[in-house]
Each structure stands twice: as structure tokens, then as C-alpha cells.
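Per the numbering used here, the sequence shown starts with residue 105, numbered consecutively.
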Amino acid sequence: MGLAGAVALISLILSAWAALTYSPDAGGWECLVEAVSALKRGDSKRAKGALDLGLSVAPEGSLVGKALEKASVALEEGDEGRALGALLSVNPAHIPAVRASICGVALWNAVMALLAGMGAMAAWQLGGRALATAPQETKALLRFLQLAIYSISGGVAGATLYSFRSLMEHIERERDFSTRSWPDYVLRPVIGAIVGGAVYLFLKGLTWALGAPMGTEEFAGATLGAIAFLAGFATRRFI
Numbered sequence: 105m106g107l108a109g110a111v112a113l114i115s116l117i118l119s120a121w122a123a124l125t126y127s128p129d130a131g132g133w134e135c136l137v138e139a140v141s142a143l144k145r146g147d148s149k150r151a152k153g154a155l156d157l158g159l160s161v162a163p164e165g166s167l168v169g170k171a172l173e174k175a176s177v178a179l180e181e182g183d184e185g186r187a188l189g190a191l192l193s194v195n196p197a198h199i200p201a202v203r204a205s206i207c208g209v210a211l212w213n214a215v216m217a218l219l220a221g222m223g224a225m226a227a228w229q230l231g232g233r234a235l236a237t238a239p240q241e242t243k244a245l246l247r248f249l250q251l252a253i254y255s256i257s258g259g260v261a262g263a264t265l266y267s268f269r270s271l272m273e274h275i276e277r278e279r280d281f282s283t284r285s286w287p288d289y290v291l292r293p294v295i296g297a298i299v300g301g302a303v304y305l306f307l308k309g310l311t312w313a314l315g316a317p318m319g320t321e322e323f324a325g326a327t328l329g330a331i332a333f334l335a336g337f338a339t340r341r342f343i
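Following this line, the structure appears as C-alpha cells:
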């Protein structure tokens, strides 16, 4: 019953989130993002097509609709700079449907960052109390699990940090956050965990091949976490 209730709750949350992010404003915003991208590339013809489509779907008098109209007039007058300025004047966080998408991916990455922190704390506890009292034959397995958790947690932490950095960049600086990019933000912590685990397996295999120890337990855990964090931060290359 508990599992069924959790699944039902998750389904309800996802349904509500989908309803919030699907609106005429969201469609107009996506056309605005496409027009911004086209203008930055100097493709005024494609930008004009995106603006026309956006004007046909965005609610009249809305923030997005007004920006699209101003940009369309400027583009017809041949002033691409003014058209781009009109589009970039709209902050995506001010569009309800886009804000819902931003909050969704931000919440997901915040939860993943919290889980990474809890994982690191669990690994630290495992390395102290559990290793000290564990039988000799299980210490190697516990040590393996401890370092693996450190590495995976570091990968997730790095990936979520990059997600928040990317969110702020596309919201405040570029102002071209797309509601269609949510799979990127959702998958990034997952890929960060995979990359973090791969970092540990690679380093473990390398040290075995070289026949050298990884060092003291504290130094090995900190080193693995740092390397996995950097690898997780670079997960954009894997998506």
C-alpha cells in the first residue's frame, strides 16, 4: 500500500507539473527562444518565421505576445538588434508555465544534491564505526562500498552544481531557457552518478594494474570525491 501510494503521489505531481507547463504562453515562449537563437546566428528569415508562429499561439496582450509583437515590428524595419533586445527583455521566470518548468527541474536537482550529501555522510559513517567493528573478512567489501558511495555522491554533486549553473545562465544571462530541455536537467544527476561510479572503477583498476595502494582511507575518499565531482560537473559532454 505504501509503494502504491508513493507511485500515485508521484503520478499526481507529474500530471500537475505537465498541466502547468503546457499552455499557450509556453508555446509562444518556445517560439521566442527559437527567434532569439536565429537572430544570434544572423538568420532573420528563420527568426521571422518563429515570430509569426509565436504571435499566432501566444495570448494577445501577454508578456510574451507583446515582446513578439515588438520584435516583429523591429525586424520588419530591418533592425535586428532592436528585435533581439525586445525578445531578451523578457525574463523566462516571469512566464508562469516556464517558471513551473524551472521550479520542477530545480527541485529535482536539489533533491539529488541532498541525496548526494546524505550518501557522503553515510560513507563517512561506514568508514568509521562499521569498519572498526566489522570482521576482517568483510572489511574489504565495506571499504569498496564506502569508496564507491563517495565517488557516486561526488559525481551527483558535480552534476547538480552544473545544472544550477546552467539554469542561472539560461534564465538571467542568455534568457533562452527552453521548457523542452527538462530531460537534460533530469538526466544530468543520473549520468553524474554513473560517471562517478565509473571514475572509481577506473581508478581502482588502474591502481590494481600498477600494483600500488590508493593511500590512506581518508585521503583516498577525499581524492575520489573530488575527482568524481569534477567529472560530474563535466557531464554536459555526455548528454
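All C-beta atoms, glycine included, are put in the ideal place defined by N, C-alpha and C. The structure displayed is predicted, hence computed values, not measured ones.
With DSSP as the reference, label residue i as helix, strand or coil.
i, result
"VAL299", "helix"
"PHE281", "coil"
"ASP129", "helix"
"PRO239", "coil"
"GLY231", "helix"
"GLY146", "coil"
"ALA244", "helix"
"ALA332", "helix"
"ALA338", "coil"
Quick one, which of the options has its alpha-carbon nearest residue i's?
i, options, result
"SER282", "PRO196, ALA214 and ARG340", "PRO196"
"ASP288", "THR339, GLY262, ARG203 and LEU155", "THR339"
"GLY146", "LYS174, GLU184 and VAL177", "GLU184"
"ALA171", "ILE199, GLY182 and GLY258", "ILE199"
Tell whether a beta-carbon distance below 7 Å holds between residue i and residue j.
i, j, result
"TYR254", "GLY329", "yes"
"LEU179", "LYS152", "yes"
"LEU136", "LEU191", "yes"
"ALA263", "GLY336", "yes"
"TRP133", "SER205", "no"
"VAL303", "ILE331", "yes"
Which complete alpha helix (DSSP H) runs does the stretch 151 to 207 hold, if anything under 4 residues is left out? DSSP runs (the alpha helix (DSSP H)) wholly in the stretch 151 to 207: 167 to 180 and 184 to 192.
Contact between the stretch 161 to 169 and the stretch 211 to 227: three or more CB pairs below 8 Å? no
Meets three-Cβ-pair contact criterion under 8 Å: the stretch 269 to 280 and the stretch 216 to 223: No, because fewer than three Cβ pairs between the stretch 269 to 280 and the stretch 216 to 223 fall closer than 8 Å, the two stretches do not touch.
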